[in-house]
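Position in the sequence shown (first residue = 1) + 746 = the numbering used here.
Note that the Cβ used here is the ideal one computed from N, Cα and C, for glycine as well.
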Amino acid sequence: MVLYAYLNVFRIAFLSFVSYILRKRVADQFLTIGHFSLLTLSVHDVRYESSLFSGTYSFLFTCSHIALRFHLPTRRHPRWFTFSAKSMFYTCTTADISVSSLDTTFWAFPLLLRQTAGPWANVVLDGLRIRVYRSNATPEWIRRLRENLIGTICTGEILRLDDFWTNVELSGLSDTVLVSKFSGGSADHYDGGEERVANAAGEEEITDSDADWEEEAKEEVDPRKGEKPLLPVFLHGKDEMRMSAFARQLHLHNTEARIYTFGRVDAQLRRDWNEDKGSFVMVAEEARWVRVHWTYQREVTGFWTQLFTSLMQFPLDLSNVLRFPMGTINLYVTRADITFDEFRIRDAELIKQAFSIIREKTRLSDIPWGDVFFDALVAAFAH
């Protein structure tokens, strides 16, 4: 399966190269490059369009600058290759993704030279923005990243949390306002009591009830015709639910020797009961996903012993790179803005995993009513 996937990648890369040479679309692949330099190993103004899976998935990738650099590794700084890119944008049928800059550093024998706890590369993303159109059509890599993070929150260890709060508002998020029935412009907010209305003489008078206000409305005409002034009408605000969460200096440790750290996290889920739709926004700053040493890796060994072990383990590490590329990197994101235009509560990963954990606990505790109770809750969220 892995071999087939890489063969397919090579096939697409070859077709893209042919498309660039011929300067036309080849098998739904189209690649253009504004300028490239063999001397500096850099390319500019890259644009790549592709359509996959019989045309059901299409995407567009653009990048203003890509640069490659080879280095002579030293013991103090054992990097051998760096990759950098600027102003990347990726749009597809399910999401839009943009990155201001990306810098990747590849290490030589990182565990031996104590550069990392095993990962062969450090990836730094600056200005990551992700926009997902619908939560029920989330891209696979975003879904897996979300599963890992929520799984760590539910089952992992919280090493540090400096500040945390949540807030839930079930209604009354939008105020009632007054607008013009002719021009559509907004007026003063209505406070449920007295209101000011312009009479025929252009003076302001106060009415104490909606009935008086309606009587005045019968005498009003469109002010654009040069006659009586405009009388505002009511426009009720949206009936929304809002759930907010905030965390500062959150450090999590999962069972796979990975640590998630966040300098600051803000998240908000909004649900519009009138239009029966919701949205989700999360902003994370100073986010890291770092591999830490296993227990056996913390033992101090001699340099030559560690070198021999690293050489013998290199084929296994290479196979892990091919099978699990994300597992062989450390990731640092200065700021990430994640938005779901349409978000359903039943697609929330926290709710899914929380129900799964509680269901398992009730099963192990031999509580028969648990399945009935939680099935009812799941059914309620599913509609």
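Reduced DSSP secondary structure (H/G/I, E/B, other) of residue i
{"i": "F852", "result": "strand"}
{"i": "T1051", "result": "helix"}
{"i": "D909", "result": "strand"}
{"i": "Q1059", "result": "helix"}
{"i": "N754", "result": "helix"}
{"i": "R771", "result": "coil"}
{"i": "L1002", "result": "Inspection of the sequence shows that residue 1002 is occupied by Glu rather than by Leu. Note: E1002 maps to coil in three-state DSSP."}
{"i": "T901", "result": "helix"}
{"i": "Q1099", "result": "helix"}
{"i": "F760", "result": "helix"}
{"i": "E893", "result": "helix"}
{"i": "D1093", "result": "helix"}
{"i": "S800", "result": "coil"}
Nearest to residue i (by Cα), restricted to the options the options
{"i": "N1020", "options": "E986, T1047, F776, V870", "result": "E986"}
{"i": "S800", "options": "I1075, I904, A813, D774", "result": "D774"}
{"i": "H1039", "options": "T1051, M1072, R1004, Q1014", "result": "R1004"}
{"i": "P824", "options": "F852, S844, L798", "result": "F852"}
{"i": "L814", "options": "R822, F782, V764, R793", "result": "F782"}
{"i": "F1101", "options": "E1088, G897, S844, V789", "result": "G897"}
{"i": "D908", "options": "N882, L996, F855", "result": "L996"}
{"i": "E1088", "options": "Y794, E1032, N882", "result": "N882"}
{"i": "T1074", "options": "L1057, H999, W1035, S765", "result": "W1035"}
{"i": "L1077", "options": "I1103, T862, L1064", "result": "T862"}
{"i": "K1098", "options": "D1022, T1051, I899", "result": "I899"}
Close beta carbons around residue i, own chain, < 6 Å, minus the five adjacent residues each side
{"i": "D842", "result": "R877"}
{"i": "T828", "result": "R815, T851"}
{"i": "S990", "result": "N913, Q1014"}
{"i": "S810", "result": "K832, S833"}
{"i": "L895", "result": "none"}
Residue i, buried or exposed, once every other Cβ within 10 Å from all chains shown has been counted against 16
{"i": "G972", "result": "With a pLDDT of 48 at G972, under the threshold of 50, the modelled position of this residue cannot be trusted; read the value that follows with caution. G972 comes out exposed."}
{"i": "N868", "result": "buried"}
{"i": "W911", "result": "exposed"}
{"i": "P1061", "result": "exposed"}
{"i": "M834", "result": "buried"}
{"i": "R1037", "result": "buried"}
Cβ separation of residue i and residue j, assumed to be a contact under 8 Å, to the nearest whole Å
{"i": "F992", "j": "V1011", "result": "7 Å"}
{"i": "A845", "j": "L874", "result": "Looking at the sequence provided, one finds Val at residue 845 rather than Ala. Yes, they are in contact, since the Cβ atoms of V845 and L874 sit about 5 Å apart, within 8 Å."}
{"i": "Q1059", "j": "L858", "result": "10 Å between Cβ atoms; not a contact."}
Check: residue i C-beta below 6 Å from any heavy atom of the ligand COA
{"i": "G801", "result": "Of the ligands one can find in the structure shown there are none, so the ligand COA has no counterpart to examine."}
Close beta carbons around residue i, own chain, < 8 Å, minus the five adjacent residues each side
{"i": "C838", "result": "Y803, S804, F805, L806, P885"}
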